[in-house]
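**Q**
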Amino acid sequence: MRSKPILIVAGEPKSVFFEIFFKSIKHKNYNSPLIIICSKKLINTYMVKNKIKKKIHYLDYNFLKNKKLNNKLINIINIDYTNKDQNSYIKKSFDVAFKVIRMGVTNKLINGPISKKKFLKGKFPGITEYVSNAFNSKKNAMLIFNKRLAVCPVTTHIPIKNVSKNIKKQDIKDKVILINNFYLNNFHFKPKIAIVGLNPHCESFDNFNEDEMIIKPTIINLQKKFEVSGPYPADTVFLEDNRKKFNVIVGMYHDQVLAPLKTLFEYNAINITLGLPFIRITPDHGPNEKMVGKNLSNPKSLINAISFLDKN
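For the sequence shown, position 288 matches number 293 in our numbering, and the numbering has no gaps at all.
1. Could you say which of K197, F231, M257 and V242 lies nearest to K170 if we only look at CA atoms?
2. Please work out which residues of its chain come closer than 6 Å, Cβ to Cβ, to F270, disregarding the five sequence neighbours upstream and downstream, and give them in chain order.
3. What are the boundary residues of the alpha helix (DSSP H) that Y32 is part of?
4. What does a CB cutoff of less than 6 Å around I225 pick up in its chain, not counting 5 residues either side in sequence?
5. Count the other CB atoms within 10 Å of the CB of T87; is the residue buried (16 or more) or exposed (fewer)?
6. Touching or not, the stretch 295-312 and the stretch 17-28, by the rule of three or more beta carbon pairs under 8 Å?
7. Going by beta-carbon coordinates alone, are I286 and I115 separated by less than 7 Å?
8. Should K113 go down as buried or exposed, given a rule of 16 or more other Cβ atoms within 10 Å for buried?
9. Give me the Cα-Cα distance between E208 and G235, rounded to the nearest whole angstrom.
10. For R285, which beta-bridge partners are listed by DSSP?
11. Is it the case that the stretch 131-145 contacts the stretch 269-283, given that we only count it when at least three CB pairs across the two stretches are under 8 Å?
12. Ordered along the chain, which non-local residues of its own chain (more than five positions away) have a Cβ less than 6 Å from that of F243?
13. Quick check: the Cα distance between R248 and L154, rounded to an integer number of angstroms?
14. Name the two residues that bound the continuous alpha helix (DSSP H) containing F192.
15. Which value, in whole angstroms, describes the spacing of the CA atoms of N138 and K128?
16. Applying the criterion that 16 or more other CB atoms from any shown protein chain within 10 Å of the CB defines a buried residue, is T50 buried or exposed?
17. Have a look at T223, N191, N186 and F22 and flag the residue whose alpha-carbon is nearest the alpha-carbon of V201.
18. Quick one: Cα of V168 to Cα of T160, how far?
19. Quick one: Cα of L189 to Cα of K299, how far?
20. Judging by CA-CA distance, which residue of Q261, I275, N191 and S44 is the nearest neighbour of P238?
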């Protein structure tokens, strides 16, 4: 039986997405048909400029259920774009993707890099929350995944000054449950999860120590059902002898765990949203406008994203 198609929202019009996309499909053949939601004008311009010869099949998403997709073609749902409606273009792209998913055509979504500040304008911390809100998914987690080690921040794209007041026992529990279910469903084992403290060395001179009052009792509670331990100091948990004991490290804020993971694996990781009624993955990098047109961007993360969905 042919695999369900992989739906791809190209995302930011001024980004390296088309470069890494064409590098990705040149790198290997995928079993799943690919459907890209983007401007045909933008992708044609890129293909002409870079002398890429590939057959394009334009789709009308209203009739997708009856279409037989060819995995050797680039299947495109066109979204009109002008330079003045960048945010509208991205929103329309997502709206179409959500409609296709709700139609039951597929349960696989990738979105290209998007400038959160420009598009979200503070309404959501990140695209994870934006997509989750569209499907009324109250509990979600951002898992930056590599087979050797994955990480998950409890708080995502919020200012550091707001982190401590946004660390809640229930949020930590929810992340662990979602992570555990993801590993059970996809790899058939319970992951070993390390939870990192908030403060340096898990210590604080304040009367209220988040590590002792929030994080530690939550871990003790979780240990009844899950392979969880901690809290560990963030400055040592990623040392080689320490990190090899775990499948996932859960941190309290974004850069606490993403910075070391990207140092270890660079582009060899993907961002998986847990808690949705479908699988959503993004390449683990941003639009990188400064690299547009230079043909130097690394497609590894997008290749991993497509390959992961291609197997599921």
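Think of the CB as a built atom: it goes at the ideal place given N, C-alpha and C, for glycine as much as any other residue. Since we're looking at a predicted model, the values are computed, not measured.
**A** Quick answer:
1. Here residue 170 corresponds to residue number 165 of the sequence shown, with the count starting at 1. Out of K197, F231, M257 and V242, M257 has the C-alpha closest to the C-alpha of K170.
2. Counting from one through the sequence shown, the residue named residue 270 turns up at place 265. If the five residues before and after F270 are omitted, its C-beta is found closer than 6 Å to the C-beta atoms of N151, all from its own chain and listed in chain order.
3. On the sequence shown, residue 32 is found 27 positions in, with the first residue counted as 1. Here the sequence assigns His to residue 32, which means Tyr is not the residue at that position. Per DSSP, the unbroken alpha helix (DSSP H) holding H32 starts and ends at F22 to H32.
4. Indexing the sequence shown from 1 puts residue 225 at position 220. Contacts found: none.
5. In the sequence shown, the residue the question calls residue 87 occupies position 82. With fewer than 16 other Cβ atoms within 10 Å, it is exposed.
6. As far as the Cβ criterion goes, the stretch 295-312 touches the stretch 17-28, which means the pair count is three or higher.
7. Along the sequence shown, read from residue 1 onward, the residue named residue 286 stands at position 281. Along the sequence shown, read from residue 1 onward, the residue named residue 115 stands at position 110. Yes.
8. For the purposes of this step, residue 113 is identified with residue 108 of the sequence shown, where counting begins at 1. Buried is the call here.
9. Within the sequence shown, the letter at position 203 stands for residue 208. Within the sequence shown, the letter at position 230 stands for residue 235. The alpha-carbon atoms of E208 and G235 are separated by roughly 13 Å.
10. Reading the sequence shown from its first residue, position 280 is the one you call residue 285. R285 is bridged to L114 and T278.
11. Counting Cβ pairs under 8 Å, three or more are found: they touch.
12. As a working note, residue 243 is residue 238 in the sequence shown. The answer, listed in chain order, is P265.
13. Taking the first residue of the sequence shown as 1, we reach residue 248 at position 243. Taking the first residue of the sequence shown as 1, we reach residue 154 at position 149. Each residue's alpha carbon lies about 8 Å from the other.
14. Locating residue 192 in the sequence shown gives position 187, counting from the first residue. That run of the alpha helix (DSSP H) goes K174 to F192.
15. Taking the first residue of the sequence shown as 1, we reach residue 138 at position 133. Taking the first residue of the sequence shown as 1, we reach residue 128 at position 123. Cα atoms of N138 and K128: separation of roughly 11 Å, rounded to the nearest angstrom.
16. In the sequence shown, counting from the first residue as 1, residue 50 sits at position 45. T50 is exposed by the Cβ-count criterion.
17. Against the sequence shown, residue 201 aligns to sequence position 196. Answer by Cα proximity: T223.
18. Counting from one through the sequence shown, the residue named residue 168 turns up at place 163. Counting from one through the sequence shown, the residue named residue 160 turns up at place 155. Rounded to the nearest angstrom, the two C-alpha atoms are 7 Å apart.
19. On the sequence shown, residue 189 is found 184 positions in, with the first residue counted as 1. On the sequence shown, residue 299 is found 294 positions in, with the first residue counted as 1. Distance between the alpha carbons of L189 and K299 is about 41 Å.
20. Start at 1 with the first residue of the sequence shown, and residue 238 comes out as number 233. Here the closest residue by C-alpha is Q261.
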